[in-house]
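**Student:** Shown below is the structure under consideration.
Chains as they are written, first to last, in the working numbering: chain U, 30 to 381; chain X, 8 to 280.
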């Protein structure tokens, strides 16, 4: 059946996108606001002969992902902020053992148990490591239901390419909102690279495979770290971003995810009030579009960063711009979502 | 070799080649065991248990389709000692990792190797739920009642009154609770197909262990449920005992808190091999 436009909820689109992206195994534990993801996969995966396991905790989920990824399968889990915090040890092991997999975080308000309302407070955790040690995951930030559907395939592809964890960093709005999206009913199976390193039983192989994150020799661990760092450097070419109305803009707004949707509306309102504003939206949060932001901001009067946080991504924007252009910040926390009118007001204030 | 030596020393003795041909190999390293020397302390039975596992992998013809999961603890390097695919798990999570492997590759033989800190302390949630789900995995559990690798701290399986580096006056149940009996605890779960405990203290007990291990493996290969064998193992270094005394201590004292025997056996006899 051909792909068709249909009204779809973000979390459901993400679940169907995982299937289209060739997810072999899903392991997850219930947490709001992402529950539709495991709910949909609990019946869609077995129908296709694929694995769905409701784990006893997020700690177990991420370690089941570790096992399935080590076995050479496309494995994923989905959770929300407190649950993702519980996965951080496992994620660090996965990064060190160089296992490709997908972790979805449909962010909610924090810290602590916080709320179940939307937030972008987990940027630091997602992009700066989160778990212990020097590592990175590839982090993708969708901004609409269409990308919720498309990004799992992209995440699996990038994870396999670099043998690293990939994370989709969405938020409660994207998970719960419904909008039209093109969903393929029978997407062709993706091409998955051969995983000769997988611990899937020797089956005639002359040597055994070992998946491990223990390197007890200091020089050995240093060398392994250098290898990981070289990989992170190489992965910079995967940086993705989008720009809207930036060429003639005097104010550059930088925002990702649902904040970028709101900010784009804010930019349009600002233009009606005579302030030329444009949007740069990072699509990959790691690798971060440092150069594109620096170039785009070079001829602007001011830069405004909008986030549903106390100001996390703004630090990377300031590092990118390096003091050449003033950077303002507007953030809301706790599940409070700014309106386009409020963002417009901040843009107009910045222009004055 | 004999022939060459005889030629060298110039004697006319006929080399007894027929006798050499007749010699039978009665003991050798199992194919599934690597030739790397064990790093374990003198008197520890991790090496014995490793060898028994390797023997079983050979006996069941599983070398080509086994994936083993090793713990954090003294056996953290277990992946060095087996000639099968191995995964090193984070502390206590081996049953979750094994679940991920087994669910994605149901025709493989998947085992975990876990100590009492790994399985009965930090990993209690994972083993209970893997057992409750009836994961088709085999768990080789080593209970020596102490955290060996980290320097002899109290374990959830330490005996009452046992002196450790975190219970210097002896384990006091009022403040640190009572030893956790894993086999008894898991025996109430329907997903468990086989559970047994045996002290690894004598050739006789080692043979009993082999018998139990066969059943724990069959629990998986015959698709019945989770199989687990708990061995009572000495830790002479952290117990502050001579190796021989540590074995006596198990047979005389430890077995009173942890009675050996089979707790669950849902296998149909006779053995299908």
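C-beta: ideal position from N, C-alpha, C; glycine also.
1) Buried or exposed for residue 201 of chain X, going by 16 or more other Cβ atoms inside 10 Å?
2) Comparing the C-beta of residue 228 of chain U with each C-beta of chain X, is any distance below 7 Å?
3) Rounded to whole angstroms, what is the Cα-Cα separation between residue 203 of chain U and residue 372 of chain U?
4) Taking three-plus beta-carbon pairs below 8 Å as touching, is the segment 261 to 278 of chain U in contact with the segment 335 to 353 of chain U?
5) Taking C-beta pairs closer than 7 Å, name the residues in chain X that residue 80 of chain U reaches, listed in chain order.
6) Decide if residue 204 of chain X is buried, meaning its Cβ has at least 16 other Cβ atoms within 10 Å, or exposed.
7) Can you say whether residue 235 of chain U is buried or exposed, counting buried as having 16 or more other CB atoms within 10 angstroms of its CB?
8) Let me make sure I understand the geometry here. Which of U:177, U:200, U:60 and U:367 has the alpha-carbon closest to that of residue 86 of chain U?
9) May I ask you to list the residues that DSSP assigns as paired with residue 119 of chain U?
10) From the beta carbon of residue 48 of chain U, is the nearest beta carbon of chain X less than 7 Å away?
11) Could you check whether residue 230 of chain U and residue 107 of chain X sit closer than 7 Å to each other, using their CB atoms as the reference points?
12) I need the straight-line Cα distance from residue 125 of chain X to residue 164 of chain X, nearest angstrom please.
13) Output, in chain order, the set of chain X residues within a Cβ distance shorter than 8 Å of residue 118 of chain U.
14) Report the residues of the segment 48 to 76 of chain U with a CB closer than 9 Å to any CB of chain X, ordered along the chain.
15) Name, going along the chain, the residues of the segment 86 to 111 of chain U whose beta-carbon falls closer than 9 Å to a beta-carbon of chain X.
16) Does the beta carbon of residue 152 of chain U sit closer than 7 Å to a beta carbon anywhere in chain X?
17) In chain U, what lies closer than 7 Å to residue 90 of chain X by C-beta?
18) Please classify residue 149 of chain U as buried or exposed, where buried requires at least 16 other C-beta atoms within 10 Å of its C-beta.
19) At a Cβ threshold of 7 Å, is residue 53 of chain X touching chain U?
20) Taking CB distances under 7 Å as the criterion, tell me whether residue 283 of chain U reaches chain X.
21) Let's test the definition: count the other Cβ atoms within 10 Å of the Cβ of residue 10 of chain X and tell me whether it reaches 16, buried, or not, exposed.
22) In chain U, which residues lie with their C-beta within 8 Å of the C-beta of residue 61 of chain X?
23) How is residue 49 of chain U classed by DSSP in three states: helix, strand or coil?
24) Write down the C-beta distance between residue 82 of chain U and residue 100 of chain X rounded to the nearest angstrom, noting that I regard them as a contact closer than 8 Å.
25) Closest by CA to residue 283 of chain X, which one among U:232, U:328 and U:88?
**Tutor:** Taking the structure as given:
1) Position 194 of the second chain, counted from the first residue, corresponds to residue 201 of chain X. Per the 10 Å Cβ criterion, buried.
2) Residue numbering aside, residue 228 of chain U sits at position 199 when the first chain is read from its first letter. For residue 228 of chain U, the answer is yes, since a Cβ of chain X falls inside 7 Å of its Cβ.
3) Numbered from its first residue, the first chain carries residue 203 of chain U at position 174. Numbered from its first residue, the first chain carries residue 372 of chain U at position 343. If you take the alpha carbons of residue 203 of chain U and residue 372 of chain U, they lie about 19 Å apart.
4) no
5) By one-based count along the first chain, residue 80 of chain U stands at place 51. Residues of chain X passing the Cβ test: 110 and 111.
6) Sequence index remark: in the second chain, residue 204 of chain X carries index 197 (1-based). Per the 10 Å Cβ criterion, buried.
7) Here residue 235 of chain U refers to the residue found at position 206 when the first chain is read from its first residue. Flag for residue 235 of chain U reads exposed.
8) Here residue 86 of chain U refers to the residue found at position 57 when the first chain is read from its first residue. Residue U:60 is the option with its Cα nearest to residue 86 of chain U.
9) In the first chain, residue 119 of chain U corresponds to position 90, counting from 1. Per DSSP, none; premise fails for residue 119 of chain U.
10) To locate residue 48 of chain U, count along the first chain from 1; it is residue 19. Taking Cβ atoms only, chain X never reaches closer than 7 Å to residue 48 of chain U, which makes this a no.
11) Residue 107 of chain X sits at position 100 when you count from the first residue of the second chain. Residue 230 of chain U sits at position 201 when you count from the first residue of the first chain. Not in contact: residue 107 of chain X and residue 230 of chain U (Cβ atoms no closer than 7 Å).
12) In the second chain, residue 125 of chain X corresponds to position 118, counting from 1. In the second chain, residue 164 of chain X corresponds to position 157, counting from 1. Going by the C-alpha atoms only, they are around 11 Å apart.
13) Position 89 of the first chain holds residue 118 of chain U. Within chain X, the residues near residue 118 of chain U are 97.
14) 53, 54 and 56
15) 86, 88, 89, 90, 91, 92, 93, 94, 95, 96, 97, 98, 99, 100, 101, 102 and 104
16) For the purposes of this step, residue 152 of chain U is taken as the residue at position 123 of the first chain. For residue 152 of chain U, the answer is no, since every Cβ of chain X falls outside 7 Å of its Cβ.
17) Counted from its first residue, the second chain places residue 90 of chain X at position 83. The answer, in chain order, is 237.
18) For the purposes of this step, residue 149 of chain U is taken as the residue at position 120 of the first chain. Buried.
19) Position 46 of the second chain holds residue 53 of chain X. No, its Cβ sits nowhere closer than 7 Å to a Cβ of chain U.
20) For the purposes of this step, residue 283 of chain U is taken as residue 254 along the first chain, with counting starting at 1. Residue 283 of chain U does not count as touching chain X.
21) Counting from one through the second chain, the residue named residue 10 of chain X turns up at place 3. Its pLDDT being 41, under 50, residue 10 of chain X is placed unreliably in this model, and the value from its coordinates should be taken loosely. Residue 10 of chain X comes out exposed.
22) As a first step, residue 61 of chain X must be located in the second chain, where it is residue number 54. The contacting residues do not exist; residue 61 of chain X stays about 12 Å from chain U at best.
23) Position 20 of the first chain holds residue 49 of chain U. In the structure shown, residue 49 of chain U sits in a helix (DSSP, three-state: H, G or I).
24) Your numbering for residue 82 of chain U matches position 53 in the first chain. Your numbering for residue 100 of chain X matches position 93 in the second chain. That belief does not hold up - the Cβ atoms of residue 82 of chain U and residue 100 of chain X are roughly 14 Å apart, past 8 Å.
25) Residue 283 of chain X is absent from the structure shown; chain X starts at 8 and stops at 280.
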